Amino acid sequence: MFHKDFILKPCVFGSSLEEIMQIQSYEFPHLKLPWIQLFLTEELIRLGGARTEGILRVSPDLDMVTEIRCQLEKLFEVFRVVYGCDPETCSNNSDETSGVDRLRIVRSPPSGWSYSTRSLELPTDTTNDTSYPGRSHSSASFPEISQLTGEYSWPLLPMPSSAVLPEYVLLTPASHWPRNLMDMMKHCAGEFSAHQVDAHLAAGLLKLWLRELAEPLIPAELQPLCLKTACEAEMCESQNIRSGNMEGTRADPIQTCCQLVRKIPSLKRRSLLHLIFLLQHLSKREHAAVSLMDPRNLATVIAPNLMRAGTTDPRELLENIRPQTLFVRLLITHLDVELELSQLITDER
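Residue numbers (full-length UniProt numbering): 1 to 349.
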């Protein structure tokens with residue numbers, strides 16, 4: 001029997017990507033990116049975000065954001081393996097929850113805190129079990145980048161496939177895991193209506209999650225080079241437009257700027273590539289014509305969530321806004337995500 005201890009520390013907002021991946025590794029072994037990033041991206045797309053005016057710019061209802069954030073944090077309660085022992089040697093503690101196929105919670109969460117169970121049955125191998133509640137006939141919105149995200153279907157429910165426990169385990173049952181934001185709204189304490197669950201809510205939560213990451217997706221030490229290279233790339237881009245050479249060359253500053261993503265650590269790089277792929281989808285002409293969010297507008301609202309200033313000088317902060325936006329806009333416009341994914345896979349070998 002493994003004894004578990006409750007750690008009252010939400011690990012979805014404010015943690016590092018590495019911490020989030022460690023926490024979710026047992027419930028979502030098939031994912032290569034944080035569950036919350038994929039969940040909110042899927043909801044943004046499924047709620048019509050690509051053709052929603054002002055997507056990522058218009059603020060959602062702040063009370064609703066707070067409520068949903070609280071629910072997301074409760075999903076990610078952390079239980080840490082304290083020690084394990086053979087069931088026969090632990091017979092003095094045996095009860096109806098004992099046995100090698102169950103976890104017994106020694107110190108459970110505060111009353112009313114969430115849906116976390118006091119015991120958990122260890123799963124058998126569910127890899128080929130289509131009846132498991134995590135399985136669905138609905139495919140991911142971006143199946144072409146499944147190598148970036150890991151294979152998954154919708155809704156994104158826990159699918160542990162092994163009884164071998166890692167150091168951390170989440171105990172929210174799959175039956176209480178949210179299928180979508182509308183499902184979460186039904187459990188909100190406040191007075192909310194269905195029309196408040198829209199693409200702006202998903203977009204606002206995604207921006208909040210990015211902004212509160214323990215470390216920005218674009219590392220602070222790389223930011224000066226990104227800003228400098230972006231300014232050089234803009235000059236090249238302007239020259240290409242004037243000359244009618246829209247393709248440029250492989251060695252031009254635009255490609256140099258885009259290839260800076262290869263200097264980003266692997267997990268952050270994955271997360272950034274997925275975000276840029278989403279932004280490229282949103283900025284397609286047929287979408288931007290309705291949403292009014294072209295690459296420049298999208299970069300303006302997203303850039304502050306990807307970079308953090310290394311100074312408190314108001315003048316420097318103001319001067320950095322334009323090149324930060326420019327760098328993200330160049331990634332949205334020119335980055336070949338599938339090519340960079342291939343390079344990432346090669347680098348990870």
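All residues carry an ideal CB built from backbone N, CA and C; glycine is no exception.
Since we're looking at a predicted model, the values are computed, not measured.
In the structure shown, the three-state DSSP call for valine 261 is helix.
Nearest Cα to isoleucine 345 within the set Ser15, Arg269 and Phe277: Arg269.
Look at the beta carbons and you see the segment 58 to 66 touching the segment 200 to 210: at least three pairs across the two are nearer than 8 Å. In the structure shown, valine 197 falls within a coil segment according to DSSP collapsed to helix, strand and coil. Look at the beta carbons and you see the segment 258 to 268 touching the segment 206 to 226: at least three pairs across the two are nearer than 8 Å. The segment 144 to 162 and the segment 37 to 47 touch, with no fewer than 3 CB-CB distances between them shorter than 8 Å.
Straight through space, the alpha carbons of leucine 306 and arginine 57 are spaced by roughly 15 Å.
Shown here for glycine 54: same chain residues with a beta carbon closer than 8 Å to its own, the five before and five after excluded, namely His200, Ser291, Leu292 and Met293 in chain order. By the neighbour-count criterion, in which a residue is buried when 16 or more other Cβ atoms sit within 10 angstroms of its Cβ, glutamine 37 is buried. Under DSSP, serine 25 forms no beta bridge with any residue. Ranked by Cα distance from lysine 284, the first of Leu171, Ser146, Ile332 and Glu191 is Ile332. For the pair glutamine 343 and arginine 262, the CB atoms are nearer than the 8 Å cut-off. Here DSSP, grouped into helix, strand and coil, assigns valine 58 to coil. The beta carbons of leucine 335 and cysteine 258 sit closer together than 8 Å. The beta-bridge partner set that DSSP reports for tryptophan 154 consists of Ser138. When rounded, the separation of the alpha-carbon atoms in threonine 172 and lysine 74 is 9 Å.
Runs of the alpha helix (DSSP H) spanning 4 or more residues and lying entirely within the segment 285 to 322 occur at 285 to 291 and 295 to 306, in chain order. Within the same chain, and ignoring the five residues on either side of threonine 229 in sequence, the residues whose Cβ sits closer than 7 Å to its Cβ are Pro253, Thr256, Cys257 and Leu260. With a beta-carbon spacing of about 6 Å, proline 34 and leucine 17 fall inside the 8 Å limit used to define contacts. For histidine 274, the number of other beta carbons within 10 angstroms of its own is at least 16, and it is reported as buried. For valine 337, the enclosing alpha helix (DSSP H) begins and ends at 337 to 348. DSSP, reduced to helix, strand and coil, places valine 169 within a strand of the structure shown.
Taking the Cα of valine 337 as reference, the smallest distance to any Cα among Trp209, Ser146, Ala140 and Leu206 is reached at Ser146. The C-alpha of arginine 329 is placed about 21 Å away from the C-alpha of serine 243.
Assignment of isoleucine 20 by DSSP, reduced to helix, strand and coil, places it in the helix class. Within its own chain, the residues whose Cβ lies closer than 8 Å to the Cβ of serine 139, once the five positions on either side in sequence are excluded, are Ser153 and Trp154, listed in chain order.
Contact annotation: histidine 287 and arginine 69 have beta-carbon atoms that are not nearer than 8 Å. Cβ neighbours of cysteine 231 within its own chain (closer than 8 Å, five residues either side excluded): Pro323 and Leu326. Listed in chain order, the non-local C-beta contacts of serine 141 below 6 Å within the same chain comprise Glu42 and Ile45, local neighbours out to five positions each way being set aside.
For glutamate 43, the enclosing alpha helix (DSSP H) starts and ends at 35 to 46.
In this model, glutamate 234 and glutamate 319 are separated by some 16 Å (Cα to Cα). Less than 8 Å divides the Cβ of leucine 341 from the Cβ of leucine 148.
Annotation note: the segment 203 to 249 contains the following uninterrupted alpha helix (DSSP H) runs of length 4 or greater, listed N- to C-terminal: 223 to 243. Per DSSP, reduced to three states, the secondary structure at leucine 31 is coil, with no helix or strand assignment.
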